[in-house]
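Line by line, the protein sequences are chains A and B.
Oh and the first sequence: position 29 is 28 in numbering that gives the first Met the number 0, straight run, nothing missing.
Oh and the second sequence: position 142 is 141 in numbering that gives the first Met the number 0, straight run, nothing missing.
What follows is a set of notes on a single structure, which appears directly below.
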Amino acid sequence: MPLSLIAEQLLNGLQLGLMLFLLAAGLTLVFGIMDMINLAHGSLYMVGAYLAAAVTEASGSFWLGLLGATVATAAVGAALEVSLLRRLYARSHLSQVLATFAVILIANEIVRMIWGSQPILLNPPPALAGPVQVGSVRYPAYRLVVIGVGLALALLLWLLVSRTRAGMRVRAGASDRTMAEALGVDIRTLFTAVFALGAALSAVAGALLGPLLAVQVGMGENILILAFVVITIGGIGSIRGALLGSLLVGLLDTAGRAFLPFLFRKMFPAAVAAEAGPAMAAMSIYMLMVAVLYFRPAGLFPARG
Amino acid sequence: MRDTLRIPLRPRPALAVVAMLVLLPIAALAAGQPFYLVFAARVLIYALIASSLNLLIGYGGMVSFGHAAFVGAGAYTVAVLMPMGIGSAWLLWPAALLAGALLALAIGAICLRTSGVTFIMMTLAFAQMAYYLVLSLQVLGSDDGLALPKRPSLGVLDLGGDTAFYYVALAVLLAGLLAMRALLNAPIGRALQGIRDNETRMEALGFATYRLKLLVFVIAGAAAGLGGGLLASLNGLVGPNLFNWTESGLLMVMVILGGAGRLIGGALGAAVLLAAEELIAEHTIHWPLGIGVLLLAIVLFAPQGLAGLARRVGSDP
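If you want it as structure tokens, here you go:
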């Protein structure tokens with residue numbers, strides 16, 4: 000196997016991992032601070048992608064689309080938190096699952112009413128359409144930018160959470176909400192802000208992945224499950240855990256899809272390898288999660304305790 | 000002393016519902032809408048499957064997010080065995096039940112070492128592994144699934160007719176619900192509810208909580224496997240989506256909607272969700288919007304689910 004192929008797949012894995020992190024960061028904070036299972040987080044990702052496509056179409060600029068989608072989705076997230084989710088914090092996980100499942104159905108249908116059932120097109124900026132030479136690898140320029148944006152946002156988020164006063168309050172909330180409230184942290188307002196930030200980050204992921212995957216109804220559901228896997232592996236409530244979990248899942252998924260079929264072809268007859276290769280690749284993420292949870296039921300970096 | 004855990008059998012409302020279900024085919028045929036029988040049979044099967052999940056979620060506190068795996072195992076067992084020349088439901092359905100039970104034994108033995116959110120994600124993980132495994136195995140039809148040559152036969156009874164199938168499904172559901180009630184009223188069912196409320200205390204009292212939970216997990220898996228076998232027989236085809244997490248999520252929604260921890264919660268949730276889908280879909284292609292609003296209203300205004308709501312309305316003067 001050529002070295003350039005391995006490098007290319009590593010970059011793909013890094014890109015997927017960073018985008019997963021943008022989704023998982025909001026999800027893990029919501030879960031960690033308010034003990035809230037929010038299945039509708041994937042819907043915010045979908046709304047972000049659609050809004051990015053709409054603004055890009057209207058303005059002619061991908062970057063304006065990205066910015067507009069981020070701001071608008073943050074507003075949608077804040078509105079959702081204030082109007083509905085706030086009522087659910089005190090309820091059981093089961094009620095939260097049912098309510099946010101209902102939000103998924105409603106969001107999907109509203110999007111379908113506005114934009115129709117067909118996937119819509121979101122083009123990357125023309126300047127980034129071609130490949131660039133990175134060492135010995137020719138890699139799409141747009142994907143490199145996605146990696147760059149993902150790294151920058153991960154760094155910003157880390158600075159925000161670990162180096163600012165607001166971030167300290169967020170961490171206090173995730174570790175022990177009651178205690179943080181008793182010490183004077185206004186968890187209610189803080190949480191609306193956290194939720195809006197989470198929504199904005201998932202909109203960025205939706206807008207950036209839009210040109211690479213299809214922008215369509217239901218795009219949020221599959222990536223939502225991956226994001227839940229990520230935060231469970233990383234430890235619920237932990238940003239550090241979400242980053243490590245995202246990179247692990249992103250790299251494992253990409254590497255599994257690229258290399259396992261090769262490997263199996265050496266060990267088994269071609270027909271068996273053709274069947275087993277893709278299966279093992281898709282299953283590997285879940286095997287990783289089972290292995291992590293079996294030995295560390297609270298994930299790699301538990302936020303509580 | 001009043002026995003608060005015992006689930007009473009209220010003969011009058013129960014008999015009224017059963018009588019209505021028995022008369023339904025006659026009404027459907029008289030109204031010239033025989034295709035509703037297939038739909039009604041599907042509702043009955045989902046009622047059985049959702050009830051088995053309710054046993055785990057509502058009574059055992061085991062929030063399984065992978066229940067679809069057992070349904071899929073049962074369905075594929077029937078679909079694989081039928082082309083081998085086994086056409087009798089007396090063999091096929093017990094095999095489906097056994098498949099569900101065995102898979103539940105394997106998955107439960109590992110997952111029940113954990114609890115809470117970890118348990119939810121572990122069950123999800125195993126169901127997703129099963130999904131991808133089936134999706135990629137060409138002997139199981141990959142993403143096309145498998146078609147059954149015909150409906151199985153039940154001794155002298157030909158299940159090809161929709162009316163006959165409906166009555167068989169009804170009988171299986173009623174037997175399942177009665178068995179579930181018997182199990183919950185028995186010492187093991189009470190111990191199960193004790194574990195749900197305080198596992199540490201039950202352990203201190205000397206109960207083998209892990210083994211007890213595993214036993215109930217296997218029973219629920221067996222019932223779901225049987226439901227899957229019935230579903231495959233009714234539809235005449237099986238697909239990998241039976242294993243997908245969306246299917247597990249749908250079953251969970253049925254249970255919470257109907258009322259977790261109420262005997263008829265699962266059945267009620269399955270019936271209301273599927274019927275609402277069917278009814279709203281007749282009027283608008285945007286039916287999921289209606290379902291979403293309905294579910295939201297129930298979460299906000301009926302915290303105990305529909306069964307809890309019915310009870311509250313029924314007991315208030």
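We put the CB at the ideal spot given by N, CA and C, even for glycine.
Name the chain A residues that come within less than 7 Å of residue i, Cβ to Cβ?
i, result
"B/Gln127", "Tyr285"
"B/Pro287", "Leu104, Asn107, Glu108"
"B/Gly248", "Phe100"
"B/Met251", "Val96"
Can you tell me whether residue i is helix, strand or coil according to DSSP?
i, result
"B/Gly9", "As written in the sequence, residue 9 of chain B is Arg, which differs from the Gly given in the question. Coil."
"A/Leu121", "coil"
"A/Asp34", "coil"
"A/Gly25", "helix"
"B/Tyr165", "helix"
"A/Tyr88", "coil"
"A/Ser116", "coil"
"B/Ala146", "strand"
"A/Gln132", "strand"
"B/Pro82", "helix"
"A/Arg295", "coil"
"A/Arg137", "strand"
"A/Asp185", "coil"
"A/Leu196", "helix"
"A/Ala6", "helix"
"A/Val214", "strand"
"A/Asp175", "coil"
"B/Leu204", "coil"
"A/Ser237", "coil"
"B/Leu104", "helix"
"A/Val81", "helix"
"A/Ser283", "helix"
Strictly below 7 Å CB to CB, what residues from chain B border residue i?
i, result
"A/Pro296", "Thr113, Thr117"
"A/Leu292", "Thr113, Thr117, Met120, Met121"
"A/Ser237", "None at all; the shortest Cβ gap to chain B is about 14 Å."
"A/Ile224", "Trp244"
"A/Ala328", "Nothing about residue 328 of chain A can be reported from this structure: the residues present for chain A run from 0 to 304 only."
"A/Met45", "Those within 7 Å of A/Met45 in chain B number zero; the least Cβ separation is about 14 Å."
Does the distance from the C-beta atom of residue i to that of residue j stay below 8 Å?
i, j, result
"A/Ala51", "A/Ala206", "yes"
"B/Leu262", "B/Ile56", "no"
"A/Thr69", "A/Val46", "no"
"A/Leu104", "B/Pro302", "no"
"B/Ala317", "B/Gly226", "In the structure as shown, chain B starts at 0 and stops at 316, and residue 317 of chain B therefore has no counterpart that could be examined."
"A/Gly298", "A/Ile222", "no"
"B/Ala269", "B/Val42", "yes"
"B/Thr117", "A/Pro296", "yes"
"B/Val237", "B/Asp161", "no"
"A/Ser201", "A/His40", "yes"
"B/Ala98", "B/Gly73", "yes"
Using a Cβ cut-off of 9 Å, pull out every chain A residue sitting near residue i, in sequence order please.
i, result
"B/Ser51", "Per Cβ cutoff of 9 Å: no residues; B/Ser51 is ~17 Å from chain A at best."
"B/Tyr165", "The premise fails here: B/Tyr165 is roughly 29 Å from chain A at the closest Cβ pair, so nothing lies under 9 Å."
"B/Val16", "Neighbours of B/Val16 on chain A: none; closest Cβ ~24 Å, over 9 Å."
With a cut-off of 8 Å on the beta carbons, I'd call residue i and residue j a contact; round off their distance for me.
i, j, result
"B/Gly289", "B/Ile297", "With 8 Å as the limit, B/Gly289 and B/Ile297 do not qualify as a contact, their Cβ atoms being about 13 Å apart."
"B/Ala219", "B/Leu52", "7 Å"
"A/Gly76", "A/Leu43", "6 Å"
"A/Ala23", "A/Gly219", "Contact flag wrong, Cβ pair sits at about 13 Å."
"A/Val214", "A/Ile113", "13 Å between Cβ atoms; not a contact."
Taking C-beta pairs closer than 8 Å, name the residues in chain B that residue i reaches, listed in chain order.
i, result
"A/Ala181", "Here the premise fails: no neighbours, minimum Cβ distance about 25 Å."
"A/Ala278", "Tyr131, Leu132, Leu134, Ser135, Leu136"
"A/Arg86", "Leu299"
"A/Thr231", "Val116, Thr117, Met120"
Could you name the residues of chain B that residue i contacts, counting a contact when the two beta carbons are closer than 9 Å?
i, result
"A/Ile119", "The contacting residues do not exist; A/Ile119 stays about 18 Å from chain B at best."
For a contact meaning CB atoms closer than 8 Å, what does residue i contact in chain A?
i, result
"B/Ile255", "Leu93, Ser94, Val96, Leu97"
"B/Ile290", "Ala101, Leu104"
Give the interface partners of residue i over in chain E, defined as CB-CB distance under 7 Å, in chain order.
i, result
"A/Phe263", "The structure shown has no chain E; the protein chains it does contain are A and B."
Any 3 or more C-beta pairs closer than 8 Å across the stretch 32-46 of chain B and the stretch 158-175 of chain B = Yes, since at least three Cβ pairs between the stretch 32-46 of chain B and the stretch 158-175 of chain B fall closer than 8 Å, the two stretches touch.
For the stretch 20-32 of chain A and the stretch 225-236 of chain A, state whether three or more C-beta atom pairs, one from each stretch, are separated by less than 8 Å.
-> The stretch 20-32 of chain A vs the stretch 225-236 of chain A: in contact.
Does the stretch 193-202 of chain B touch the stretch 18-37 of chain B, meaning 3 or more C-beta pairs lie closer than 8 Å?
-> Output reads no: the stretch 193-202 of chain B does not touch the stretch 18-37 of chain B.
Does the count of Cβ pairs from the stretch 102-120 of chain B and the stretch 277-295 of chain A closer than 8 Å reach three?
-> The stretch 102-120 of chain B vs the stretch 277-295 of chain A: in contact.
Okay, do the stretch 59-79 of chain B and the stretch 241-256 of chain B touch, 3+ Cβ pairs below 8 Å being the bar?
-> Yes, since at least three Cβ pairs between the stretch 59-79 of chain B and the stretch 241-256 of chain B fall closer than 8 Å, the two stretches touch.
Contact between the stretch 75-95 of chain B and the stretch 225-245 of chain B: three or more CB pairs below 8 Å?
-> Enough Cβ pairs lie closer than 8 Å, so yes.
Taking three-plus beta-carbon pairs below 8 Å as touching, is the stretch 210-217 of chain B in contact with the stretch 123-136 of chain B?
-> Contact check between the stretch 210-217 of chain B and the stretch 123-136 of chain B: fewer than three CB pairs, one atom from each, fall below 8 Å, which does not count as touching.
Does the stretch 149-159 of chain B come close enough to the stretch 253-264 of chain A that 3 or more CB-CB pairs lie under 8 Å?
-> No, they do not touch.
Would you be able to state if there are at least three C-beta pairs under 8 Å between the stretch 115-133 of chain A and the stretch 150-167 of chain A?
-> Flag = no, the stretch 150-167 of chain A and the stretch 115-133 of chain A do not touch.
Stretch-stretch touch, CB-based, cutoff 8 Å, three pairs: the stretch 162-179 of chain A with the stretch 2-16 of chain A = Pairwise C-beta distances place the stretch 162-179 of chain A out of contact with the stretch 2-16 of chain A, as fewer than three of them are shorter than 8 Å.
Taking one C-beta from the stretch 33-40 of chain A and one from the stretch 91-105 of chain A each time, how about it: are there three or more such pairs within less than 8 Å?
-> They touch, by the three-pair rule.
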